[in-house]
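Reading through the structure tokens given below for one structure.
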DNA sequence: CTGTTTTATGCAATAAGTTGCATATGTATA
DNA sequence: TATACATATGCAACTTATTGCATAAAACAG
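Residue numbers (the numbering used here), protein chains in the order written: chain Y, -10 to 174; chain F, -10 to 174.
What follows is the structure in structure tokens.
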């Protein structure tokens, strides 16, 4: 699986604790990979057993010990190999679309509410991605060039959200129209 | 989870065997939900235990017995309730984007090959969706209206694939450009 | 007439992800 | 001063999905 590799990628850029990584997943690469702290801690444990990462315990006054993880040379080797390998596109499994597929006129009010809720979520996510993009545009050209590939993944996130929003609006409106004539009849 | 509900939706439209459902997942709703036959058989077993479906065994000459599943009234009730409930948007986890994010110039040739491979897969999926859409357009207006919501989910699949193709082409070209000046220098 | 695909169902083991809980303290907010 | 939030890590139980295997016969292609 790839959560392991996502962690290796982040640790290859900069060592960090499980907590750090949780933040980096949420803020940095959440547009293409989401992971909870439980998953991250579990995987760090396994990666350590496989010697792909190692850690130093940093005692902190009062707070619990912080484990600072680093990628090992083996880890880097495994990562390099994985980047050059090939994967299948991710499977699509979308509960909302099951509902749209199966909805009958009596379900339309609830469905419209649900579509609106998703619309709102996707608008918020898009706004957050666009804010991140604005930060990228403020960088000088040399720095932009250095993080061009990460930026391209953000572009993908932006496009993905825009796509959702367009479809949701279109679908929402079509379903709303469908319902009205029946109310008027 | 929602595989159960996807199965209930299909059985609510028409009874069928595990094998039937596997086909219907692949051909009918594969654009928003994918499931292997193992998963389907496992879930049918559980759905039967929960009394949300029941089955009749049809002995067939030579072939193994076919189990014809039907949704029960309880199943329909559970399904109705679920359709009106709300879910979170699916989590995004895309291995290809990890690779784009992490790739260094020495990885570009392999990455370009991988992007091309995905491009091909998405083009094939799009072609298959468009063929399905063409079938929809051939129907008379009354029939089109009756399956309008399922069609809207297909539209989403089409848009999704188009989105991927556009991003892959754009990204592919940008990475290819990036690499060339270094070869020429 | 031989080999591949389609029809038809399933078990077992493993991997991956989710949910709920537990602990402990510093720091900011009301 | 009480409450909530951020820091920091983790276990246990459960659900969900994947991988690999097994069986068995008809139907079709070469």
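Every residue, glycine too, gets a C-beta built ideally from N, C-alpha and C.
- Listed along the chain, the chain F residues whose CB falls inside 7 Å of the CB of residue 75 of chain Y are 103, 106.
- At a cut-off of 8 Å between beta carbons, residue 90 of chain Y contacts chain F.
- In the three-state reduction of the DSSP assignment, residue 42 of chain F falls in the strand class.
- For the region 125 to 145 of chain Y, residues whose beta-carbon sits nearer than 8 Å to a beta-carbon of chain F comprise 137, 138, 139, 141, 142, 144, 145.
- No Cβ of chain Y is located within less than 8 Å of the beta carbon of residue 26 of chain F.
- Here the C-alpha atom of residue 127 of chain F lies approximately 30 Å from the C-alpha atom of residue 80 of chain Y.
- When Cβ-Cβ separations below 8 Å define contact, residue 87 of chain F makes contact with chain Y.
- Between residue 119 of chain Y and residue 60 of chain Y, the C-beta spacing is not below 8 Å.
- At a cut-off of 8 Å between C-beta atoms, residue 42 of chain Y does not count as an interface residue with respect to chain F.
- Looking at the DSSP output, residue 60 of chain Y sits in a beta bridge with Y:42.
- Rounded to the nearest whole angstrom, the CA to CA distance from residue 12 of chain F to residue 24 of chain F is 10 Å.
- A residue is called buried once 16 or more other Cβ atoms fall within 10 Å of its Cβ, and residue 152 of chain Y is buried on that count.
- The residue from F:131, F:83, F:123 with its alpha-carbon nearest to that of residue 149 of chain Y is F:83.
- About 7 Å separates the CB atoms of residue 87 of chain Y and residue 21 of chain F; that is less than 8 Å, so the two are in contact.
- A Cβ of chain F is located within less than 8 Å of the beta carbon of residue 23 of chain Y.
- Between the beta-carbon of residue 6 of chain F and that of residue 40 of chain F there is about 19 Å, and that puts the pair past the 8 Å contact cut.
- For the set F:130, F:-6, F:-10, F:89, the Cα lying nearest the Cα of residue 161 of chain F is the one of F:89.
- A residue is called buried once 16 or more other Cβ atoms fall within 10 Å of its Cβ, and residue 124 of chain F, having fewer, is exposed.
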